[in-house]
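S.K.: This is the structure I want to talk about, given as C-alpha cells.
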Amino acid sequence: MAPKKEHSNDLRTLVIRHHQNGDSLREIAVKTLLPRSTVQYMVKKYKATKCIGNLFGRGCKRKTTATTDRLIQRKLKLNRRKSASVVKVEIENELGISLHVDTIRKMAHEVGLFGRVARKKPYVNKISRGKRLTFAKAMLEKPLDFWKNVVWSDESKFNLFGSDGKVMVWRTRHEEFDPKCTVSTVKHGGGSVMVWGCFTRQGVGKLCLLDRIMDRFYYRDILEQNLLPSIHHLKLG
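Numbering follows UniProt numbering, with no gaps: position 226 of the sequence shown is 226.
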C-alpha cells in the first residue's frame with residue numbers, strides 16, 4: 001500500500017478557518033480541492049484535540065526495550081564486521097523475540113554507526129605503532145630546510161586484475177582509520193606486481209620492479225642500486 005499523502009499545516013489551517021466561518025464540509029472541499037472525507041477528518045480531529053498539526057507520539061510504536069537496544073549496540077561495537085542480519089539472528093536466539101533487520105540498522109544509526117567499506121592500510125602491531133608515534137612527534141619541530149633534503153621511499157603493490165574486494169564495517173564518521181574498522185593489507189600477493197620508488201622535493205627517483213620476496217639483504221641491494229643513484233641524480237647530499 002502506498003503511503004498516505006501528508007497535508008501541510010497551512011492547508012489544515014485553511015480548512016479549519018473555513019469551518020469556523022460557517023462553511024459546510026462540501027463547501028470547504030470545493031474551495032480547498034480536497035475530498036470531503038479528508039475535510040471531515042480534519043475538522044473532527046480539530047474538535048477533539050484543538051490541534052492542527054501532527055500529534056506527539058503518532059506513528060509506529062517502538063518494539064524494542066532500552067535493554068534490547070543497548071545489547072544490539074554493544075554487539076555492533078564489539079565486532080564492527082558483523083552484519084545486521086547476523087546480529088538480528090543472535091538477538092532473536094538470545095532473547096526469544098522477533099526483529100526486522102532494519103531495526104538493527106536503526107539501532108546502529110542511533111549511536112552514529114553506519115555501514116561503510118573498511119579502509120585498507122598496512123598492518124602495524126601495537127609496539128610498532130608506539131615507535132612510529134614517538135618518531136613522528138620528534139619530527140614535528142624540524143625546520144623546512146631539513147625536509148628539503150629528505151628522500152621518501154616505499155614499496156607498493158599494484159593488482160594486475162581487479163581489486164582485492166570490499167569489507168563492510170560499522171563505524172562512526174571519525175573512525176575511518178580505527179584498527180577495528182580497517183582491513184590489514186600485506187605487501188606481497190598473487191596477481192599483482194610490487195615496486196619500490198622514491199621522491200624528494202626536487203623530483204622523483206628511480207622506480208624498481210621487485211621480483212622476489214623482500215628481506216633485509218634484498219632491501220639493502222635495492223637501496224644501493226636505486227636509492228644512491230637517485231640521490232646523486234637529484235643532487236642531494
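Each residue gets a CB set at the ideal place from its N, CA and C atoms; glycine is no exception.
(1) Leaving out the 5 sequence neighbours to the left and right, which residues in its chain are closer than 6 Å to residue 226 when beta-carbon positions are compared?
(2) Rounded to whole angstroms, what's the CA-CA distance from residue 53 to residue 85? Just pull it up for me.
(3) Write down every uninterrupted run of the beta strand (DSSP E) in the region 7-45 whose length is 3 residues or greater and which is fully enclosed by it, in chain order.
(4) From the DSSP output, in three-state form, read off residue 181 for me.
(5) Measuring CB to CB, does residue 130 end up less than 8 Å from residue 173?
(6) What are the residues that DSSP puts in a beta bridge with residue 117?
(7) When DSSP labels each residue in this structure, what does residue 192 get in the three-state scheme?
(8) Locate the alpha helix (DSSP H) running through residue 131, then write down its first and last residues.
(9) Can you tell me the Cα-Cα spacing of residue 40 and residue 29, whole angstroms?
(10) From the DSSP secondary-structure annotation, give me the bridge partner or partners of residue 207.
(11) Could you check which residue in 22, 21, 32 has the C-alpha nearest to that of residue 12?
(12) Would you tell me roughly how many angstroms separate the C-alpha atoms of residue 20 and residue 44, rounded to the nearest one?
(13) Hey, how far is the Cα of residue 2 from the Cα of residue 157?
(14) For residue 35, collect the residues of the same chain with a Cβ closer than 6 Å to its Cβ; drop the 5 residues on either side in sequence, then sort them by chain order.
(15) Using the Cα positions of residue 154 and residue 115, report the straight-line distance between them to the nearest angstrom.
(16) When you compare only the Cα positions, how much space is there between residue 110 and residue 38?
(17) Any idea which residues DSSP pairs residue 159 with across the strands?
(18) Whose CA, out of 23, 80, 142, 95, lies closest to the CA of residue 71?
(19) Are the Cβ atoms of residue 252 and residue 196 separated by less than 8 Å?
(20) Does residue 87 pass the burial test, meaning 16 or more other C-beta atoms within 10 Å, or should it be called exposed?
(21) Using 8 Å for Cβ pairs, my map puts residue 199 next to residue 147. What's the rounded Cβ distance?
(22) Would you kindly work out how many angstroms separate the C-alpha atoms of residue 177 and residue 165, rounded to a whole number?
(23) Do you know how far the Cα of residue 182 is from the Cα of residue 91?
(24) Which same chain residues end up closer than 6 Å to residue 73 when comparing Cβ atoms and leaving out the 5 residues on each side of it in sequence?
M.R.: In this structure, then:
(1) 206, 208
(2) 37 Å
(3) none
(4) helix
(5) no
(6) 168
(7) strand
(8) 126-138
(9) 9 Å
(10) 197
(11) 32
(12) 13 Å
(13) Note that residue 2 scores a pLDDT of 49, beneath 50, so its modelled location is shaky and nothing firm can be said.
(14) none
(15) 31 Å
(16) 35 Å
(17) 192
(18) 95
(19) Absent from the structure is residue 252, since the part of the chain shown begins at 1 and ends at 237.
(20) buried
(21) About 12 Å; that fails the 8 Å criterion.
(22) 18 Å
(23) 25 Å
(24) 107, 111
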